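Residue numbering for the sequence shown follows my numbering, starting at 15 and increasing by one per position.
Beta carbons: idealized from backbone N, C-alpha and C, even for Gly.
Values in this document were obtained by computation on a predicted structure and should not be read as measured data.
Have a look at the structure below, then the notes.
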Amino acid sequence: MSAGLPHGWAEVPLGELLREPLAAGRSGQAVQGGVPVLRLPALRSATVDLAESREGPLASVAEAANLLIRTGDILLSRNGGPEARVGQAALVRETNGPTMYPGTMVRVRVDERLIDPEYLVLAWESRAVRRQIDSSVRQGAGLHRIAARDLERVRLPLPPRSEQERIKTSLAFWLARVAEEEAAVRDTLRQMEDLRTLVIDHGVLGHTTTGPHAGPEPSTTAHRAPLPAVPVGWHWVALGELAEVVRGPMADSRRAGEPHEVAVGSLRPAEFRGEQWAPDQMPTMQLDARKAEANRLSPGDVLFVLRGEPDSVGLARVWEQDASHRMYVPNHHVARVRMTRDILHPRLLALYANGPGRRQLQGAARNTAGLASLGLDQLRRTPVPVPPLAEQDALVASLEARDGELTAATASAEGALAMADRLRDGCREQALAGRLPHSALPSSENNVLLEGAVTVPPMTPARRRPVNRPSEVERRAERLWSSFPRLSDDGLTALEYGEQVTYLLFFKAAQELRHRPLNRVDVLGHDAWDELTLREGTELTQYYGALLAELGERGGVVGRIFHKAHNRLRHPARLQNLIQQVREGLSWWGERPEWRAPVFDAFLARCAQDHRTAAGQYFTNRELIDAIVACTRPTVEDTIVDPAAGTGGFLVRSFEHIARQLPPGVPPVQRERLSNGAIRGTELVDATARLATMNLFLHGVEPLDGDRAAIEVRDSLTVSPGHRRATLILTDPPLGQRRSTTSSTGAPDLNGAEALAFARPDFWAATNNQQLNFLQHVYTLLEIGGQAAVVVPDGLLFMTGAGERVRRQLLKQCDVHTLLRLPTGFSRSFSGVRLNVLFFEKATARPDGSPATRRLWVYDARAEHPTVADSPGFSLDAFVAAYRPGHPPDTRAASSLFKPYSVGALLARPGVNLDLGAYSREEEPADAPEPHLIAQQISGQLEDAWRRFARLAEELTPPRGARTFRSG
């Protein structure tokens, strides 16, 4: 545990910090008026709860003198409870009278010159200490226990005494901040629930309609208060006039075993708690066959709880299971409501019953001995609002859509809230490693050297590789970039600057093709580069704007580069300076053609480093691309596709790999197919697509005068692949949720865009998670036997719901053979997101239905390099070597970083969780992430909830001039 501790810290056993030996308490039969003794629940938090006590076995304080606690004592649980509580520590902050501790606890009194008791309790909660305790716990006679000598051996991180004070202060500050934000999120969740109730209430009573409303209707005999007003055309009708209302049957134990008895599933009130029915978990009861058939549930039946806890009575759910293999009936505490006329949508009835109608039903229920019950006659007399039949489908769809949006927003906020404990844990771990921010630096005051303590020497800087001076290519790229800082002051983004440079590079390339001695190609029909360099002022901007517009109307490669092109430099002087800068930066263009592609590569990488905008999301780390290409080994026979092409990095590197490995004697037709559809990509954003097209041209993938561009601009996910399949797909899909709008530059609108749940008939699951949708899309694009490498975030490996379904199907339908876990730092635009690469091959269906995956090899590059920034020598070469490109996975060798998991074990994991490490034991908790990364993830969750509510607020705002319910 000493590795990585700051200078001046030590790793010390608890036994060397004691002022007196550990002392066990005493238990026994309580005596009347005995000295209070603590109970184990007193140690549930970091502070001893003195209220958790009882009468003890000793009658006088004198007898208990050696067992009394005092302020500053630390109590440790040693046995008597479940394993999670063994070894738990709590500090006695104050006493309110004589109190002793039991035999299930050990008292710790430390030398406060060496360690602060409060700091010890903090350190005791760390994961490293917890692992030491767990390894020493023994079980016997159904109890868990730990020996005092094992507690004394537990090693703690010990900073200087003055630093302990600063750690306590700093950690208290950050934990208070977390608690404050947690309270704010909880308050938001309460407001969300209030909003959900209000939205449903208004919807089912027609308060969201803009037409006139009838006045309040008189009450019925069952309800004395006037019924709420509803729109004209709506009516209040007693439920018994619309539907058959019956109570579920009771099992008759006297008739058990008769020949006409059948086993049926019994739906109890407890089954109403989940979001979905779980028929396979419902208990079975025996019923007469005729009675079972008469009470059988059918899709569309609405079920009401008649008896149970007061807050559950009146709860309604629609039965939508079409279970032909088994019969289900409601039990005696549940009513079945079946519509006798096609007059009210069952789901609309359930929405009303769980909204405004619920309060009426609970008010009519009788309460006895903590339970409530509702009679069938009361349920039948309950009035329900009935809209015109033609409006009901649209009303149900609207209400369920809004309810779904609120559910998703609530889930985002709850997800953020659930991460608060992880954030606290991360703060604690960082504090105990000396890395939690605080304002003071450690000093050497009051330090006491311990005999036998392991002192951590000053950390020596990691050996760095020699830093090469910038190459000529990098200097040329920096020259192209040098105008951006000045132009960014005018609001120009890195992506927009890259566009303008791309246009000028195109004109320079077109000039060269027009004037070269052999094989001349006149792409434009005139020399646009010369025209631009000769013009000035307003004439320049007018000519430039007209030129961009004219070229944008063309087809092929030219049309792709200039589609929707605009001059973002409104001031003529700015444009003229940029042209001059590019002309000076391209002085080498004719002399060193081999620099063109590398310089543009370096220029794109420089654009991606602009963290003020989201430009980095379109650029994949070049080292990662090279490693993936080296593993997948594209060939001239492949059809290579990237459905989220970005700037074309995967396509360019695949082409270069093929060119290097091209064997002699390859027919020209095979070479030409690479430029005629064998390498292609799709990109949603025009600006990025033009950068990608220029990138492909400069690397020789396609000519400027090509009739069909390799990059297609559209939403990849909206179109099924049809017959255009691929043998190799390499892609880094965008992070986040699917959005319905784009900004004026063509980039996704991250602020006001709508998150859409996306469904395609050839997908396994409908979801608004873009990574899951792209993963399914990649599967549909692949030919049988085709391979893919897809970059995915950590969340895709363990997210529930749609995530579980997609992972399960992927393991079954494909040979998912490799998972590369990357250190933090490979995502350019989302610094807190950790990425992975999934390698798989699409397989034919097996006759026996067994999964196509046999075992998944996990390479954990994070184990030795948690972040790229802290690992200047980091490289993926070791992964490529372990991958063994061109060889079957079965020939690989397992190591501390590379471990295989059988598909049976993967499918058996809860939720098909693929969040696996290479060599740490699965039962051990993972290291706590750094707090700032957890906070970023929480921020993302809350930001998603905020976007959803912003959209909902817009939807709920009535049109200007519309007549609302309140305005009459």
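Q: Using the Cα positions of Tyr873 and Thr516, report the straight-line distance between them to the nearest angstrom.
A: One C-alpha to the other measures close to 38 Å.
(Q) Assuming the contact rule is C-beta atoms closer than 8 Å, Ala701 and Val727 should be a hit. Round their C-beta distance to whole Å, please. (A) In fact, because the Cβ distance is near 10 Å, the residues do not count as touching under 8 Å.
Q. Which runs of the beta strand (DSSP E) spanning at least 3 residues fall entirely within the region 346-427, listed in chain order?
A. Fully enclosed beta strand (DSSP E) runs of 3 or longer: 348-353, 380-382, 385-387 and 397-400.
Q: Answer yes or no: do Val218 and Pro399 have a C-beta to C-beta separation smaller than 8 Å?
A: Taking 8 Å as the Cβ cut-off, Val218 and Pro399 qualify as a contacting pair.
Q) Ordered along the chain, which non-local residues of its own chain (more than five positions away) have a Cβ less than 6 Å from that of Glu334? A) If we look at Glu334 and ignore the five residues flanking it on each side, its Cβ neighbours are Pro313.
Q) Would you call the region 771-781 and the region 632-641 touching, i.e. three or more CB-CB distances under 8 Å? A) Result no; under three Cβ-Cβ pairs closer than 8 Å.
Q.
Using a Cβ-Cβ cutoff of less than 8 Å, which residues in the same chain neighbour Pro837 once the five nearest sequence positions on both sides are dropped?
A. Apart from the 5 residues on each side of it in sequence, Pro837 sits with its Cβ closer than 8 Å to the Cβ of Arg848, Ala875, Arg876, His879, Pro880, Thr881, Val882, Ser885 and Phe888 in its chain, given in chain order.
Q.
Going by DSSP in three states, Gly448 sits in which element: helix, strand or coil?
A. The answer is coil: DSSP assigns Gly448 none of H, G, I, E or B.
Q | Close Cβ partners of Ile129 (< 6 Å) along its chain, the five nearest in sequence each way excluded | A | If we look at Ile129 and ignore the five residues flanking it on each side, its Cβ neighbours are Leu31.
Q: Can you have a look at Leu565 and say buried or exposed, based on whether 16 or more other CB atoms are within 10 angstroms of its CB?
A: Around the beta carbon of Leu565, 16 or more other beta carbons sit within 10 angstroms, so the residue counts as buried.
Q.
Helix, strand or coil for Lys182? Go by DSSP, reduced to three states.
A. In the three-state scheme derived from DSSP, where H, G and I count as helix and E and B as strand, Lys182 is classed as helix.
Q: For Thr794, collect the residues of the same chain with a Cβ closer than 6 Å to its Cβ; drop the 5 residues on either side in sequence, then sort them by chain order.
A: These residues qualify, in order along the chain: Pro735 and Asp776.
Q. Whose C-alpha, out of Leu562, Leu527, Gly714 and Ser426, is nearest the C-alpha of Ala611?
A. The candidate whose alpha carbon is nearest that of Ala611 is Gly714.
Q | Extent of the continuous alpha helix (DSSP H) run through Glu818 | A | Run containing Glu818: Ala816 to Gln827, per the alpha helix (DSSP H) assignment.
(Q) Classify Ile798: buried if its beta carbon has 16 or more other beta carbons within 10 angstroms, exposed otherwise. (A) Classification for Ile798: exposed.
Q: Tell me where the alpha helix (DSSP H) around Tyr517 begins and ends.
A: DSSP places Tyr517 in the uninterrupted alpha helix (DSSP H) bounded by Ala508 to His529.
Q. Among residues of its own chain, excluding the 5 on either side of Asp215, which ones have a beta-carbon nearer than 6 Å to its beta-carbon?
A. Setting aside the 5 residues that flank it on each side, Asp215 is surrounded in the same chain by Gly369 and Pro370, each with a C-beta closer than 6 Å to its C-beta; the list follows chain order.
Q) Leaving out five residues before and five after Val805 in sequence, what residues of the same chain have Cβ atoms less than 6 Å from its Cβ? A) So the qualifying residues of the chain are Asp746, Leu849 and Val851.
Q: Label Arg350 either buried or exposed according to how many other C-beta atoms from any shown protein chain fall within 10 Å of its C-beta, with 16 as the threshold for buried.
A: Answer is buried; the Cβ neighbour count reaches 16.
**Q.** Cβ-based neighbour list, Ala137, same chain, cut-off 7 Å, excluding 5 preceding and 5 following
**A.** Val143, Leu170, Pro171 and Leu446, listed in sequence order.
Q) Do the region 378-385 and the region 314-334 touch if we need at least three Cβ pairs shorter than 8 Å? A) Result yes; three or more Cβ-Cβ pairs closer than 8 Å.
Q | Residues of its chain near Arg477, where Cβ-Cβ distance is below 6 Å and the 5 sequence neighbours each way are ignored | A | Here Arg477 scores only 33 on pLDDT, less than 50, and its place in the model is too uncertain to base an answer on.
Q. Touch check for the region 179-195 and the region 431-450: three-plus C-beta pairs under 8 Å?
A. They touch, by the three-pair rule.
Q) For His671, which of Arg687, Arg694, Cys645 and Pro681 has the nearest alpha-carbon? A) Nearest neighbour of His671 by Cα position, chosen from Arg687, Arg694, Cys645 and Pro681, turns out to be Cys645.
(Q) Taking the alpha carbon of Glu855 as the reference point, which residue from Leu825, Tyr632, Leu494 and Phe840 has its own alpha carbon closest? (A) It is Leu825 whose Cα lies nearest to the Cα of Glu855.
Q) What is the DSSP secondary structure of Ala658, counted as helix, strand or coil? A) Secondary structure of Ala658 (DSSP, three-state): coil.
Q.
Checking the sheet assignment: what are the DSSP bridge partners for Pro807?
A. When DSSP reads this structure, Pro807 sits in a beta bridge with Leu849.
Q: Answer yes or no: do Leu28 and Thr61 have a C-beta to C-beta separation smaller than 8 Å?
A: It is not a contact, given that the beta carbons lie outside the stated cut-off.
(Q) Quick check on the burial criterion: 16 or more other C-beta atoms within 10 angstroms. Buried or exposed for Pro472? (A) With a pLDDT of only 34 at Pro472, under the threshold of 50, the placement of this residue in the model should not be trusted; the figure read from the coordinates follows. With fewer than 16 other Cβ atoms within 10 Å, it is exposed.
(Q) Taking only three categories from DSSP, how would you classify Gly29? (A) In the three-state DSSP reduction, Gly29 falls in the helix class (H, G or I).
Q: Measure the alpha-carbon distance for Glu258 versus Glu405 and round it to whole angstroms.
A: For Glu258 and Glu405, the distance between alpha carbons rounds to 23 Å.
Q. Taking C-beta to C-beta, are Arg647 and Gly918 nearer than 8 Å?
A. The answer is no: Cβ separation not under 8 Å.
Q) Can you tell which of Ile160, Gly573 and Leu518 has the C-alpha that lies nearest to the C-alpha of Arg597? A) Of Ile160, Gly573 and Leu518, the residue nearest in Cα terms is Leu518.
Q: Give the DSSP-derived three-state secondary structure of Trp23 in the structure shown.
A: Coil at Trp23, not helix or strand.
Q: For Gly70, count neighbouring Cβ atoms within 10 angstroms of its own Cβ and tell me buried if that reaches 16, exposed if not.
A: In this structure Gly70 is buried. Its beta-carbon is surrounded by 16 or more other beta-carbon atoms within 10 angstroms.
Q) In angstroms, rounded to a whole number, what distance separates the CA positions of Asp891 and Arg636? A) Distance from the CA atom of Asp891 to the CA atom of Arg636, rounded to whole angstroms, is 13 Å.
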